[in-house]
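Student: One structure, as structure tokens, below. Some questions next.
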Amino acid sequence: MSIFYHEEQQEFHLTNGEISYIITVLRNGQLGQLYFGSAIRDREDFSHFLELAPRPMAPCAYEGNLAFSLEHIKQEYPAYGSGDMRNPAFTIVMENGSRISDFIYKGHRIYAGKEGIEALPAIYVEKPDEADTLEIILEDSLAGMELVLSYTIFKEHSAIARNARFICKNPEGILLDRAMSMNVDLPDKEYEMIELTGAWSRERSVKTRKLEHGVQSVYSMRGCSSSNYNPFLALKRPQTMENEGEVYGFSLVYSGNFLAQVEVDTYDVSRIMMGIHPEGFSWRMKDGDSFQTPEAVMVYSEKGLNGMSQTFHKLYRTRLARGAWRDRTCPILVNNWEATYFEFNEEKILKIAETAKKLGIELFVLDDGWFGERDDDTSSLGDWYPDLRKLPEGVSGIAKKIENMGLKFGIWFEPEMTNKNSNLYRAHPDWILSTPGRKASHGRNQYVLDFSKEEVVDYIYKQMEKVLEEAPVSYIKWDMNRCMSEVYSHGYSAGEQGRVMHQYILGVYRLYDRLTKKFPEVLFESCASGGARFDPGMIYYAPQCWTSDDTDAVERLKIQYGTSFVYPIRSMGAHVSAVPNHQTLRNVPLSTRANVACFGTFGYELDLNKLTLEEQSQVKEQIAFMKEYRGVIQYGTFYRLISPFDGDGNITAWMVVSEDQRTALVGYYRILQHVNTGYTRVRLEGLNPDFCYHTSILDRDIYGDELMKAGLFTSDASSGENKEKYNGDNGDYQSRIYILEAVN
Ligand code: DGJ
128 MSIFYHEEQQ EFHLTNGEIS YIITVLRNGQ LGQLYFGSAI RDREDFSHFL ELAPRPMAPC
188 AYEGNLAFSL EHIKQEYPAY GSGDMRNPAF TIVMENGSRI SDFIYKGHRI YAGKEGIEAL
248 PAIYVEKPDE ADTLEIILED SLAGMELVLS YTIFKEHSAI ARNARFICKN PEGILLDRAM
308 SMNVDLPDKE YEMIELTGAW SRERSVKTRK LEHGVQSVYS MRGCSSSNYN PFLALKRPQT
368 MENEGEVYGF SLVYSGNFLA QVEVDTYDVS RIMMGIHPEG FSWRMKDGDS FQTPEAVMVY
428 SEKGLNGMSQ TFHKLYRTRL ARGAWRDRTC PILVNNWEAT YFEFNEEKIL KIAETAKKLG
488 IELFVLDDGW FGERDDDTSS LGDWYPDLRK LPEGVSGIAK KIENMGLKFG IWFEPEMTNK
548 NSNLYRAHPD WILSTPGRKA SHGRNQYVLD FSKEEVVDYI YKQMEKVLEE APVSYIKWDM
608 NRCMSEVYSH GYSAGEQGRV MHQYILGVYR LYDRLTKKFP EVLFESCASG GARFDPGMIY
668 YAPQCWTSDD TDAVERLKIQ YGTSFVYPIR SMGAHVSAVP NHQTLRNVPL STRANVACFG
728 TFGYELDLNK LTLEEQSQVK EQIAFMKEYR GVIQYGTFYR LISPFDGDGN ITAWMVVSED
788 QRTALVGYYR ILQHVNTGYT RVRLEGLNPD FCYHTSILDR DIYGDELMKA GLFTSDASSG
848 ENKEKYNGDN GDYQSRIYIL EAVN
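Take a look at the structure:
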């Protein structure tokens, strides 16, 4: 891995043998984008990559020269207004109202390793030789601004992490009106854009559309990254599949408002940019201030979508997630939300915990409803002390009893919210985000605390700290159940309101930071009405995230499949819940509920005492299975095999392979049973061709090359004879997990 600087041509080449990224200093001192893609050999001069042909009708920088037009040059971090007519990566506004800028190369720095970003989550390295970083320093002397563009290339990952930092050196100050984290101008438009879209309880559906002229984008203006769109997009060639073909993936390490867009201009150049959503954002900078954008991660794969996802998985699992839990497998948990909702008392909880212990569960999680006087969702958020009607001996009482059973204890918080019916709100009505003179909308009867204010974050921290100090808490589920509206902070002047949404997210990160530092052994799971904040920013603090409030196993196939485009299996909260399912009323067999949930962090979310004895013994087996294989599932290489978004979506298949390739698990799911169907095989991936794998269910020893080339034979015996049970089951919603163990 290296970063080359070719002085004569003023070109930078970042490469690690897998990918290359090439930047040039243009004749006007600004930066041009020469190449991003599969690694190419280094050379002294890449200037032939710069296409400069005369363009008579374009705005040109030099008289007598019709070729140097920013409208036509592929740029690194473009501005609007000096010839480039496309959307800009940033905008500064000078004191005189001018929005024109001219950032000129001033110097650069190349160093081994990677520095963090102040107050923001970012990829890190453990040793300097894991990555090299290039910082390019640009200056706009008239505006009195410096701009530092940072790029880190990793030895082990086909990825580049980047951000932009603005430094104000102007005594009059400056207004930063837009500051994206990245921009890439790719030379053609023959791509399909993949986005992860949805809504509450149907998060991260995979949608693919052909790039067209004009702007196509995904975004959030909800104050959180949202279940509607994820801060991610990919561009793949039309022929790219899961396991072959070219794809670029772009992901933003941020949990607030974002914009990710591709603009295809009428010369067929595709401009991709990603960063904080400019709507409502403006950052007034004084002399000496600096503003650093969140980090964007750009991945390139020639090995299809799985190749892209595997790069994100490994990078995010090993160098974004942190702390004691990064390398530990997830404890198998039971959560009482769908078991009891708000109606519980200590006795009821202890009964569930007792059965959980008997069945092999390791962690009990007490969800919403333990604090204040919260009998429904209309009260008490912000009053983080135990409701003694439900828990007579407080949190510490119940936590100790659960610990004494040999289980760990976890608890739910929703730190960023309050209800009007709460002691917090009665004491501090000005602590919610609300616009003077306007009505404040509620969401789920609650209001958003103004986390852009230090005192609010501090107050919540102290309450949470008290609970954690008094009770043996091993896990926190941090929920967030509404998006923001009427955003305005009473802590900022009129001219500073454009900071509020970003400052809010910085407040969330600050609280996470304080808690994770003070309680390093506590495992955090993030959550936002299910997966409305399933983003890389959260993974930095909480290695797992509740994937969706929809716990129906059939629905979960799509949700988990889509989530796996970016996020590691180890990060996906997935639970077995009761039937009929509470969201869909569907009756999915217990085996399939577990076979879906086990490709995640795995747990149960039902009243275990309501299961029959036979079901309880099935649960015991599921837990034993998970304990044996969770290392492979959570730390192996994941491959999507058959997409629930393709065709009629009846079959989904995925697999995971251990690092040493000796163990693999294949999850095969069929939604509806049909009669007398055709024969089916699934070609597996990632096995060692020379290993012979004992393949469960088929109960045969089969070589890796056979399984990858001829495929795993999945034809259903019941397709001809529906009464005969295939492996003990048939009918709708069936699934199998094939266990492959190398025998040679
Ligand atoms: C939304 C979460 O996604 C659920 O799992 C649960 O914790 C509820 N909130 C509790 O209010």
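Basically the working numbering = 1-based index in the sequence shown + 127.
All C-beta atoms, glycine included, are put in the ideal place defined by N, C-alpha and C.
1. Measuring from the CB of N608, is there a heavy atom of the ligand DGJ at a distance below 7 Å?
2. For S328, which residues of its own chain have a beta-carbon under 7 Å away from its beta-carbon, when the five flanking residues on both sides are left out?
3. By alpha-carbon positions, which one of R713, A721, G813 and I769 ends up nearest to I864?
4. Which residues mark the beginning and the end of the beta strand (DSSP E) in which S308 is found?
5. For L269, count the other beta carbons within 10 Å of its own beta carbon; 16 or more makes it buried, fewer makes it exposed. Which is it?
6. Is the stretch 434-444 in contact with the stretch 276-287, if contact means three or more CB pairs nearer than 8 Å?
7. Can we count W673 as close to the ligand DGJ, meaning its CB is less than 7 Å from some heavy atom?
8. Is the beta carbon of F491 closer than 8 Å to that of F536?
9. Taking DSSP's pairing of strands, which residues face Q861 in a bridge?
10. Please classify D640: does DSSP put it in a helix, a strand, or coil?
11. Going by CA-CA distance only, name the one from I264, Y251 and K241 that's closest to F230.
12. Verify the contact flag: D494, CB atom, against every heavy atom of the ligand ZN, threshold strictly below 7 Å.
13. Between the Cα of L477 and those of M532, S506 and E500, spot the shortest distance and give me the residue it belongs to.
14. If I'm right that L161 touches L177 with Cβ under 8 Å, what's the distance once you round it to whole angstroms?
15. In its own chain, which residues sit with a C-beta less than 6 Å from the C-beta of T218, not counting the 5 before and 5 after it?
16. Helix, strand or coil, according to DSSP, for L595 in the structure here?
17. In its own chain, which residues sit with a C-beta less than 7 Å from the C-beta of G325, not counting the 5 before and 5 after it?
18. Just to check my reading of the structure: S549 and G496 have Cβ atoms closer than 8 Å, yes? What is that Cβ distance to the nearest angstrom?
19. Give the straight-line distance between the Cα atoms of V380 and T562, rounded to the nearest whole angstrom.
20. Mapping the DSSP letters down to three states, classify A239 as helix, strand or coil.
21. Can you pull the DSSP bridge partners for F651?
22. Ordered along the chain, which non-local residues of its own chain (more than five positions away) have a Cβ less than 7 Å from that of G622?
23. Relative to the alpha-carbon of P186, which residue among N433, V522 and H199 has its alpha-carbon at the smallest distance?
24. What's the gap between the Cα of Y278 and the Cα of L261?
25. Which same chain residues, not among the five before or five after N155, have their C-beta less than 6 Å away from its C-beta?
26. How is E273 classed by DSSP in three states: helix, strand or coil?
27. Give a yes or no on whether the C-beta atoms belonging to R757 and C457 are separated by under 8 Å.
28. Name the one or two DSSP bridge partners that G658 has.
29. With 16 other CB atoms within 10 Å as the buried threshold, where does M628 fall?
30. If we ignore side chains and look at the alpha-carbon of each, how far apart do Y636 and A669 end up?
31. DSSP puts V492 in a beta bridge; with which residues?
32. Smallest Cα separation from H133: which of P205, G234 and G210?
33. For A423, is the classification buried or exposed, using 16 other Cβ atoms within 10 angstroms of its Cβ as the cut-off for buried?
34. Is any heavy atom in the ligand DGJ found nearer than 7 Å to the beta carbon of D557?
35. Say yes only if the C-beta of G509 is nearer than 7 Å to one or more non-hydrogen atoms of the ligand DGJ, and no if none qualify.
36. First and last residue of the alpha helix (DSSP H) that includes A875?
Tutor: Reading off the structure:
1. At least one heavy atom of the ligand DGJ lies less than 7 Å from the C-beta of N608.
2. Answer for S328: G657, S675, D676, D677 and Q710, listed in chain order.
3. Comparing Cα-Cα distances from I864 to each of R713, A721, G813 and I769, the minimum goes to A721.
4. Segment I301 to L313, the beta strand (DSSP E) holding S308.
5. Under this definition L269 is an exposed residue.
6. Put simply, the stretch 434-444 touches the stretch 276-287. At least three CB pairs are less than 8 Å apart.
7. W673 Cβ: within cutoff of the ligand DGJ.
8. Cβ distance < 8 Å, so F536 and F491 count as in contact.
9. DSSP lists R797 as partners of Q861.
10. In the structure shown, D640 sits in a helix (DSSP, three-state: H, G or I).
11. The candidate whose alpha carbon is nearest that of F230 is I264.
12. Here the bound small molecules are the ligand DGJ; the ligand ZN is not part of this structure.
13. Of the candidates M532, S506 and E500, the one whose C-alpha sits nearest the C-alpha of L477 is M532.
14. With 8 Å as the limit, L161 and L177 qualify as a contact, their Cβ atoms being about 6 Å apart.
15. Correct list, in chain order: R226, D304 and R305.
16. In this structure, L595 counts as helix in the three-state DSSP scheme.
17. Cβ contact annotation for G325 (same chain, cutoff 7 Å, sequence separation greater than five): R331, S332, S354 and N355, in chain order.
18. Contact flag wrong, Cβ pair sits at about 14 Å.
19. If you take the alpha carbons of V380 and T562, they lie about 29 Å apart.
20. Looking at A239 - three-state DSSP - the assignment turns out to be strand.
21. In DSSP, F651 forms a bridge with I603.
22. So the list reads R411, once near-sequence residues are dropped.
23. It is H199.
24. Here the alpha carbon of Y278 sits roughly 5 Å from the alpha carbon of L261.
25. Correct list, in chain order: A188.
26. Here E273 sits in strand by DSSP.
27. The answer is yes: Cβ separation under 8 Å.
28. According to the DSSP secondary-structure assignment, G658 is paired through a beta bridge with A655.
29. By the neighbour-count criterion, in which a residue is buried when 16 or more other Cβ atoms sit within 10 angstroms of its Cβ, M628 is buried.
30. Looking at the two C-alpha atoms, the distance is approximately 11 Å.
31. Per the DSSP secondary-structure output, V492 pairs in a beta bridge with N462 and G537.
32. Sorting P205, G234 and G210 by C-alpha distance to the C-alpha of H133 places G234 at the top.
33. It is buried - the Cβ of A423 has at least 16 other Cβ atoms within 10 Å.
34. No - the ligand DGJ has no heavy atom lying nearer than 7 Å to the Cβ of D557.
35. It does not: the Cβ of G509 is nowhere closer than 7 Å to a heavy atom of the ligand DGJ.
36. Not covered by the structure: residue 875. The range shown for the chain is 128 to 871.
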